[in-house]
Amino acid sequence: MIDTPTSPITSGLPLFFVITVTAIKQGYEDWLRHNSDNEVNGAPVYVVRSGGLVKTRSKNIRVGDIVRIAKDEIFPADLVLLSSDRLDGSCHITTASLDGETNLKTHVAVPETAVLQTVANLDTLVAVIECQQPEADLYRFMGRMIITQQMEEIVRPLGPESLLLRGARLKNTKEIFGVAVYTGMETKMALNYKSKSQKRSAVEKSMNTFLIIYLIILISEAIISTILKYTWQAEEKWDEPWYNQKTEHQRNSSKILRFISDFLAFLVLYNFIIPISLYVTVEMQKFLGSFFIGWDLDLYHEESDQKAQVNTSDLNEELGQVEYVFTDKTGTLTENEMQFRECSINGIKYQEISGRLVPEGPTPDSSEGNLSYLSSFSHLNNLSHLTSSSFRTSPENETELIKEHDLFFKAVSLCHTVQISNVQIDGIGDGPWQSSLAPSQLEYYASSPDEKALVEAAARIGIVFIGNFEETMEVKTLGKLERYKLLHILEFDSDRRRMSVIVQAPSGEKFLFAKGAESSILPKCIGGEIEKTRIHVDEFALKGLRTLCMAYRQLTSEEYEVIDRRLFEARTALQLREEKLANVFQFIEKELILLGATAVEDRLQDKVRETIEALRMAGIKVWVLTGDKHETAVSVSLSCGHFHRTMNILELINQKSDSECAEQLRQLARRITEDHVIQHGLVVDGTSLSLALREHEKLFMDVCRNCSAVLCCRMAPLQKAKVIRLIKISPEKPITLAVGDGANDVSMIQEAHVGIGIMGKEGRQAARNSDYAIARFKFLSKLLFVHGHFYYIRIATLVQYFFYKNVCFITPQFLYQFYCLFSQQTLYDSVYLTLYNICFTSLPILIYSLLEQHIDPQVLHNKPTLYRDISKNRLLSIKTFLYWTILGFSHAFIFFFGSYFLMGKDISLLGNGQMFGNWTFGTLVFTVMVITVTVKMALETRFWTWINHLVTWGSIIFYFVFSLFYGGILWPFLGSQNMYFVFFQLLSSGSVWFAIILMVVICLFLDIVKKVFDRQLYPTNTEKAQLTETNSSIKCLDSMCCFSEGETACASVGRMLERVIGRCSPTHVSRSWSASDPFYTNDRSILTLSTMDSSTC
1261 MIDTPTSPIT
1271 SGLPLFFVIT
1281 VTAIKQGYED
1291 WLRHNSDNEV
1301 NGAPVYVVRS
1311 GGLVKTRSKN
1321 IRVGDIVRIA
1331 KDEIFPADLV
1341 LLSSDRLDGS
1351 CHITTASLDG
1361 ETNLKTHVAV
1371 PETAVLQTVA
1381 NLDTLVAVIE
1391 CQQPEADLYR
1401 FMGRMIITQQ
1411 MEEIVRPLGP
1421 ESLLLRGARL
1431 KNTKEIFGVA
1441 VYTGMETKMA
1451 LNYKSKSQKR
1461 SAVEKSMNTF
1471 LIIYLIILIS
1481 EAIISTILKY
1491 TWQAEEKWDE
1501 PWYNQKTEHQ
1511 RNSSKILRFI
1521 SDFLAFLVLY
1531 NFIIPISLYV
1541 TVEMQKFLGS
1551 FFIGWDLDLY
1561 HEESDQKAQV
1571 NTSDLNEELG
1581 QVEYVFTDKT
1591 GTLTENEMQF
1601 RECSINGIKY
1611 QEISGRLVPE
1621 GPTPDSSEGN
1631 LSYLSSFSHL
1641 NNLSHLTSSS
1651 FRTSPENETE
1661 LIKEHDLFFK
1671 AVSLCHTVQI
1681 SNVQIDGIGD
1691 GPWQSSLAPS
1701 QLEYYASSPD
1711 EKALVEAAAR
1721 IGIVFIGNFE
1731 ETMEVKTLGK
1741 LERYKLLHIL
1751 EFDSDRRRMS
1761 VIVQAPSGEK
1771 FLFAKGAESS
1781 ILPKCIGGEI
1791 EKTRIHVDEF
1801 ALKGLRTLCM
1811 AYRQLTSEEY
1821 EVIDRRLFEA
1831 RTALQLREEK
1841 LANVFQFIEK
1851 ELILLGATAV
1861 EDRLQDKVRE
1871 TIEALRMAGI
1881 KVWVLTGDKH
1891 ETAVSVSLSC
1901 GHFHRTMNIL
1911 ELINQKSDSE
1921 CAEQLRQLAR
1931 RITEDHVIQH
1941 GLVVDGTSLS
1951 LALREHEKLF
1961 MDVCRNCSAV
1971 LCCRMAPLQK
1981 AKVIRLIKIS
1991 PEKPITLAVG
2001 DGANDVSMIQ
2011 EAHVGIGIMG
2021 KEGRQAARNS
2031 DYAIARFKFL
2041 SKLLFVHGHF
2051 YYIRIATLVQ
2061 YFFYKNVCFI
2071 TPQFLYQFYC
2081 LFSQQTLYDS
2091 VYLTLYNICF
2101 TSLPILIYSL
2111 LEQHIDPQVL
2121 HNKPTLYRDI
2131 SKNRLLSIKT
2141 FLYWTILGFS
2151 HAFIFFFGSY
2161 FLMGKDISLL
2171 GNGQMFGNWT
2181 FGTLVFTVMV
2191 ITVTVKMALE
2201 TRFWTWINHL
2211 VTWGSIIFYF
2221 VFSLFYGGIL
2231 WPFLGSQNMY
2241 FVFFQLLSSG
2251 SVWFAIILMV
2261 VICLFLDIVK
2271 KVFDRQLYPT
2281 NTEKAQLTET
2291 NSSIKCLDSM
2301 CCFSEGETAC
2311 ASVGRMLERV
2321 IGRCSPTHVS
2331 RSWSASDPFY
2341 TNDRSILTLS
2351 TMDSSTC
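In this text, residue positions in the sequence shown follow my numbering: the first is 1261, and each later residue adds one.
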């Protein structure tokens, strides 16, 4: 049995308190996540069973269940479409939560099931679905449906167009029925999730490192004390003095066991040096501090009525340590809303201004430009349909040129897969090349945002797409309704990079309209202004606009019959269907006549360019990871400021082999070394990235590290996570942050140290799986530069302060053993041991860690370069840790030996000659310690509120009041009361009061002097900003332009001392910061100081 120097309650109560509070905090966050999961898994759905609809929960769906989904509902599993409310069995969905696209995609059912539109009919369906094993690829699905009808088996192939993915949403369709093929964790959405790992911040890792150091100190002190005890007891007079005789059992016990017993007793005595309460304080600080993000009105998006959300509070301080930002493009940087900007028709460029097309320059046929043509488009009113005379490529007169413009927008209005809601169409498109159409009158749904923007632009010009009615497309041209029979749609695919439609005009003539990327359309053209259009397309791309080329071909009856037959054969093929369709499409899309090109803008979110520039100035590298094609991604990167026009853009794309990829990487590395360009940008596609990561990781990382910006396009969801992991495990071990808005971004959000979800218009998967969720990308700057900065400063000080005050607490206990023969006598009363960290010193640091603002938030937001001052965990470096630890030891020595010198020679410090005992000595040390560590916290505080004053000075007052009550009354429930009347005696001595004040001043004086000289001689950028902010009447030394040329440090110590311990109290200081600040001319000038008029100094 070990004779412990302190009671089990004294040692166990703080630990129990820590564990309890931590469990409550973690339990609350788990409860929030549980509710979020229940919201998804418990969503009500209707399934077909026993000839009727049965309501159940989404988590109860099993493979083979037929599910009914209504408009705007989310698919709870991967479903094969059986039927919809439309006769053709088609439906429209949006996959915003999967791939970030908010636009509609069309899916179709097989003909045999498309007619089963009621529950009763579906209950008679006898079919078997055979499909591949679950896989993560969102765009790949192969299977077949074997339908038994009248004792005959019909086999129909199933592809991606038949599969409705979990997480997608039904749009513009009243209801559908689908059969579940993949459920739960086998759905494609779930397979694209990366298993979520427990994230730990850099501060937490530093805390554990410091804890190990203090554990070593604890063991060392225990070993030293044990050795010195037995060294001291080697003399017989000290081993068994007359007043402390050993028992027979003690004399006969093993020395080894006695040594171990004493060692463990010293561990118990010194264990308070380990700040157990640090963990509960950190947990409380993170939990309570996280509410400030949600309460920040600057992070509130009024349009969508969304505020910032905190899904985990464990990473608050990590927001202040970010070195890499990985962001999605669509829906994150952009609004995913395309706007028509310009076009090129027959070799002439136009801009849309207020619903009219305005030429950029004079035309070859008119010295006054095309405005005269545009004003005469009303002549088209007498055209009821397209005729063959309309398709000349070189019109000879003004009327025929107008017909070319009309044909261009007819192609735009017909070559698409846009759907339209039922609205009143009277009065639409009645003006000459403009319409009275209000945006709210007509709502288009499209599988591509470009298509929607183009059809809306054509409607504004005067050629309005009214909608599909069975197999007819209706277009209203300048008030006259025209009906075109839709014969075939040649769907878009990434290999062809174009789509086409074959329509029959009211006159009976058949036409092929095609649109696509210039690289896929121009080579197929044999007529039109090809070269001029190519130049215009390049000019559009340089402006960051998304371009598409338009072309047409008139088909003879014989040509159409061949095309119709070959399309039917390819589409009904059970094997090699994709290859056969591709061959037929190539056969059809040839010998085209070029009409022109369109240019649309994917509108950036507000302040995206400014946010990316601010991140770059803060020393953060920005990578864009997107699934978009190369050209689109580059154009958006240029428009949002991710790439600069002066930046040298390097490309690693279309690599076919490892050797080719390696050679290209070496060439890029040489170019970076040889080119005398300050900034480089790198573009890499998904295929090349896979090759680079397979064998050439180091070479690829070397190239990336030397690039200011990196753009990865055509990325699969799991590839995004692999890229982030590659950066995380690099030798520098940087802190990474990922931003995304769709389910395809969940993997990278979970992989990064900090995951930010954008709460988009549709999807919530990213927001649910993120650590933090914000409504717009622009809020990222406030989140990092203000909240991240504050959280890091607060928790870094909290951690260092806790270790400091515990060193102050337990070191006198260690020193006391030298004066009590290492008898394990405790210096402090057990109640003081228990309450030191729980009550007497806990609140000031907690309130500091919640409210401290060492500099005005507006300054931090406007000056991103201040973020560099806290990068790379600078405030928790070993150097800073050693300073706080040495400071704690020095203060402890002053507490102990100051009290010892006061009482060592003469312990009769009272007027009546009454002597002080060991409990009085320990209480004196404890009193000085409580006051000193509390005032030390006050010196660290810059932002004072009434709460800070209450807990700081209230903690000292509470200690005195508690000690008076605790020692002034004989409490019946206490077995022994060593402190009875001790505190009264202590405070009765004037010498004690003088000693307390003297020791507190001595302890803090050296610390204050160090702060003064550090700020005077080696100020950080943040400290310089504090000086300019603290007082508007600052003289020469306070202005940074005179910082190194002003008075000497010694001459200004008095004035600097007042400034250093001055406070940013709202009543004391008028904070101000503006763009016209005289000390900084722009956001970069914090490192290069601007000049100032000498009169100001």
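Even glycine gets a Cβ: it sits at the ideal position worked out from N, Cα and C.
Are the CB atoms of residue j and residue i within a distance shorter than 8 Å?
i     : j     : result
A1494 : L1527 : no
I2055 : F1277 : no
Y1812 : F1773 : yes
F2181 : H2121 : no
T1996 : I1984 : yes
L1910 : A1952 : no
A1369 : L1342 : yes
L1841 : V1763 : no
L1885 : D1588 : yes
A2285 : I2115 : yes
D1345 : Q1377 : yes
V1860 : A1713 : yes
L1559 : F2037 : no
M2239 : I2105 : no
Taking DSSP's pairing of strands, which residues face residue i in a bridge?
i     : result
P1304 : R1317
T2288 : DSSP, once it has assigned bridges, lists no residue as partnering T2288.
G1615 : Per DSSP, none; premise fails for G1615.
L1579 : L1579 pairs with nothing; no bridge assigned.
T1732 : F1729 and K1745
M1810 : K1775 and G1856
L1997 : V1585 and V2014
A1387 : I1407
I1436 : I1329 and S1344
Let me make sure I understand the geometry here. Which of the options has the alpha-carbon closest to that of residue i?
i     : options                       : result
R1429 : L1674, R1720 and L1339        : L1339
L2095 : L2120, H2121 and N2066        : N2066
L1575 : G2250, Q1599, S1422 and G1549 : G1549
F1547 : S2251, D1332 and G1287        : G1287
D1332 : I2191, C1964, I1353 and T1316 : I1353
F1729 : I1533, E1742, V1300 and L1738 : E1742
E1595 : P1709, F1523 and L1517        : P1709
Y1584 : L1986, Q1392 and D2129        : L1986
P2072 : E1992, N2004, Y2051 and M2189 : M2189
Q1566 : G1591, I2018 and S1767        : I2018
Y1490 : M1467, F1519 and I1472        : F1519
Could you tell me how far apart the beta carbons of residue i and residue j are, in whole angstroms, since I believe they sit closer than 8 Å?
i     : j     : result
E1372 : Q1409 : 7 Å
V1379 : I1406 : The pair is not a contact, with the Cβ atoms about 22 Å apart (cut-off 8 Å).
A2026 : G2002 : 6 Å
N2029 : V1999 : That belief does not hold up - the Cβ atoms of N2029 and V1999 are roughly 13 Å apart, past 8 Å.
M1759 : L1746 : Actually they are not in contact, since the Cβ atoms of M1759 and L1746 sit about 13 Å apart, beyond 8 Å.
Task: the segment 1846-1857 contacting the segment 1781-1796, beta-carbon criterion three pairs below 8 Å - done: yes
Open item on the list: Does the contact criterion of 3 or more C-beta pairs under 8 Å hold for the segment 1968-1975 versus the segment 1914-1926?
Closed with: A contact between stretches requires three or more CB pairs, one per stretch, nearer than 8 Å, and the segment 1968-1975 fails this requirement with the segment 1914-1926.
- [ ] May I ask you to verify whether the segment 2200-2213 touches the segment 2072-2090, counting CB pairs closer than 8 Å and requiring at least 3?
- [x] No: fewer than three Cβ pairs fall under 8 Å.
Open item on the list: Assess contact between the segment 2150-2160 and the segment 2253-2266, defined as three or more Cβ pairs (one per stretch) separated by less than 8 Å. Is contact present?
Closed with: In short, these stretches touch, since the Cβ pair count reaches three.
Task: the segment 1436-1447 touching the segment 1383-1403, judged by at least three CB pairs closer than 8 Å - done: With three or more CB-CB distances shorter than 8 Å, the segment 1436-1447 counts as touching the segment 1383-1403.
TODO: Specify whether the segment 1302-1310 and the segment 1571-1586 touch according to this definition: at least 3 beta carbon pairs, one from each stretch, less than 8 Å apart.
DONE: no
- [ ] Could you tell me whether the segment 1976-1990 touches the segment 1949-1963, using the rule of 3 or more Cβ pairs below 8 Å?
- [x] yes
Task: the segment 2098-2110 / the segment 2212-2221 touching (three or more Cβ pairs under 8 Å) - done: yes
Task: Inter-stretch contact (C-beta, 8 Å, three-pair minimum) for the segment 1529-1549 and the segment 1279-1297 - done: yes
Task: At least three beta-carbon pairs within less than 8 Å, the segment 1744-1761 to the segment 1890-1902 - done: no
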